[in-house]
Amino acid sequence: MYEKILYPTDGSECSKKALKHVVEIAKKFNSKVFILHAFPFVPEYIGSPYREKIISQSTLEAEKITKEAAKVLEENNIDYEIEILEGPAHKAILTVADVRKVDLIIMGSRGISALAGALLGSVSQKVATHAKCPVMIVRERESE
Ligand SMILES: Nc1ncnc2c1ncn2[C@@H]1O[C@H](COP(=O)(O)OP(=O)(O)O)[C@@H](O)[C@H]1O
Ligand SMILES: [Mg+2]
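For what it's worth, numbering that gives the first Met the number 0 labels the leading residue of the sequence shown as 0, then goes sequentially.
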């Protein structure tokens, strides 16, 4: 049923909590997991060489975040692919969900820029609203 799972991560504690659910579901359904990290678009007006420097720094950070998740999947013998995209996170998530035709998105309710009080971050809110497939949103304070 859940052949393909999309796991968007910003490296936050909450998204790490979501990874536990990714592992359990992927093991049960023998799913392939797409690990996705999006970094903000770097405007053209930031000229050379600064623009390139920012992009390569963001790419390195994205690789670090996605590889950390990949390691956990490898340890559990789960098939995966890494996607690193430039642009707004919710757009990247919705695009990859469509292009890869995923059956389920598993993500955190909050991310790294957690504002006290709000139940959902802006990315999880937009994805939950617009995704065409089911979305599992894992709470920050979920008991271990
Ligand atoms: N840049 C990103 N790339 C991939 N996934 C992301 C990104 N930012 C957030 N997410 C996903 O969305 C979840 C909720 O984060 P977000 O809505 O940004 O909350 P906050 O406003 O607290 O940062 C995260 O746990 C993660 O799963
Ligand atoms: Mg965020």
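From the three backbone atoms N, C-alpha and C, an ideal C-beta is built for every residue, glycine too. Computed from a prediction, not measured in an experiment: that's the story for all the values here.
Residue i (DSSP reduced to helix, strand or coil)
i	result
residue 118	coil
residue 140	coil
residue 126	helix
residue 98	helix
residue 131	coil
residue 104	strand
residue 43	coil
Paired residues, beta bridge with residue i - DSSP
i	result
residue 37	84
residue 0	Per DSSP, none; premise fails for residue 0.
residue 59	Looking at the DSSP assignment, residue 59 forms no beta bridge with any residue, so it has no partner.
residue 32	4 and 79
Buried or exposed by the 16-neighbour rule on C-beta atoms within 10 Å, applied to residue i
i	result
residue 143	Below a pLDDT of 50, predicted positions are generally treated as unreliable, and residue 143, at 48, falls in that range; the measurement from the model is reported next regardless. Classification for residue 143: exposed.
residue 103	buried
residue 1	buried
residue 21	buried
residue 65	buried
residue 9	buried
is_contact[residue i, chain B] using C-beta, thresh 9 Å
i	result
residue 53	Of the protein chains in this structure there is only one, and it is not chain B.
Cβ-Cβ separation, residue j to residue i (assumed contact under 8 Å), whole Å
i	j	result
residue 129	residue 93	6 Å
residue 5	residue 101	4 Å
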